Amino acid sequence: MDSTLSSARRSFDRLHHDTQARQKAQELADRLCAKPTVSAPTAPASVPTADHAVPSWPPEVLRHDQDWSTKVDLRDITHDNVESLRVLNAVIFPVRYNDKFYADVAEMGGQYVKAAYHRGHMIGAVCCRREPAENGLTYSLYVMTLGVMSVYRRLGIGSLLIEYVLRNARMDPACTGIRLHVQTSNEEAQRFYHRLGFDTVTVVRNYYFRLTPPDAFLLELTFPRDPVEVPDTEPGS
Numbered sequence: 023m024d025s026t027l028s029s030a031r032r033s034f035d036r037l038h039h040d041t042q043a044r045q046k047a048q049e050l051a052d053r054l055c056a057k058p059t060v061s062a063p064t065a066p067a068s069v070p071t072a073d074h075a076v077p078s079w080p081p082e083v084l085r086h087d088q089d090w091s092t093k094v095d096l097r098d099i100t101h102d103n104v105e106s107l108r109v110l111n112a113v114i115f116p117v118r119y120n121d122k123f124y125a126d127v128a129e130m131g132g133q134y135v136k137a138a139y140h141r142g143h144m145i146g147a148v149c150c151r152r153e154p155a156e157n158g159l160t161y162s163l164y165v166m167t168l169g170v171m172s173v174y175r176r177l178g179i180g181s182l183l184i185e186y187v188l189r190n191a192r193m194d195p196a197c198t199g200i201r202l203h204v205q206t207s208n209e210e211a212q213r214f215y216h217r218l219g220f221d222t223v224t225v226v227r228n229y230y231f232r233l234t235p236p237d238a239f240l241l242e243l244t245f246p247r248d249p250v251e252v253p254d255t256e257p258g259s
């Protein structure tokens, strides 16, 4: 009788222990998989973050061995979604861009301005502007911003965005190249652009007013083009 009670007690203890272990494992899994509560990003008070929020936690486990070019949707930036870009930039960059920047971007069209979306959320963007040459016939591009949310980095999304711009630029005979500034301390960004074929042209002292260090490298990628003949506009020609 005693041995039967002892055996039953041991079975109960094992069952109780296994149940507790399963409960603890489930609680841990729930904590790991749940979307954490994140405070709104630092941004100007006028930004409607509730309607244009960007995800601060990936909606799925991000695998680096997958082809993310099939998971990301590239979209134009227009007046309909430019506020999402404003919030995205507030999360990514240490500087604040003024209202004119966003108004101009919304009018630029999709050739050199693009946003990366995943499951309906803007997770990255590239914004470039044209800089006309003195001859009035050609232009170069300047990369104003290129950024991806931290949890989506190293998945090739930044490369997808800048390569979209590069393809369009190379297809336009009037585009002679593309340039940008990178903070001298940002070695990761420098390596990224060097892999794409950019060269470091010079260092610009005190380029950034509110960053430390304030210096920047000017990087440039030029496209081989045939010389452009400027028509003679002198009177009587």
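Reading the sequence shown from the start, the letters are residues 23 to 259 in my numbering. Idealized CB from N, CA, C, for every residue including glycine. Note that the structure is a prediction, hence the values are computed from the model and not measured.
DSSP-derived helix/strand/coil call for residue i
i: Glu242; result: strand
i: His140; result: strand
i: Met166; result: strand
i: Gly180; result: helix
i: Val148; result: strand
i: Met130; result: coil
Beta-bridge partners of residue i, as assigned by DSSP
i: Pro154; result: Tyr161
i: Gly199; result: Thr244
i: Gln205; result: Ala238
i: Leu96; result: Ala138
i: Val225; result: Phe239
Residue environment, residue i, which counts as buried when at least 16 other CB atoms sit within 10 Å
i: Arg217; result: exposed
i: Gly142; result: exposed
i: Val225; result: exposed
i: His101; result: exposed
i: Met193; result: exposed
i: Lys122; result: exposed
Rounded C-alpha distance that separates residue i from residue j
i: Ala112; j: Arg118; result: 7 Å
i: Tyr134; j: Pro235; result: 29 Å
i: Thr198; j: Tyr164; result: 11 Å
i: Ile179; j: Thr206; result: 23 Å
i: Asn228; j: Gly131; result: 32 Å
i: Ala155; j: Ser162; result: 7 Å
i: Tyr260; j: Arg232; result: The first residue shown for the chain is 23 and the last is 259, placing residue 260 beyond what the model contains.
i: Pro114; j: Gly158; result: In the sequence under discussion, the amino acid at residue 114 is Ile, which differs from the Pro named in the question. So the two alpha carbons sit approximately 35 Å from each other.
i: Val109; j: Thr167; result: 14 Å
i: Val128; j: Val223; result: Position check: residue 128 holds Ala in this sequence, whereas Val was assumed. Each residue's alpha carbon lies about 30 Å from the other.
Whole-Å CB distance - residue i paired with residue j, under 8 Å assumed
i: Leu107; j: Ala147; result: 6 Å
Min CB distance residue i to chain D below 8 Å
i: Glu209; result: This model lacks chain D altogether, as it is built from one protein chain only.
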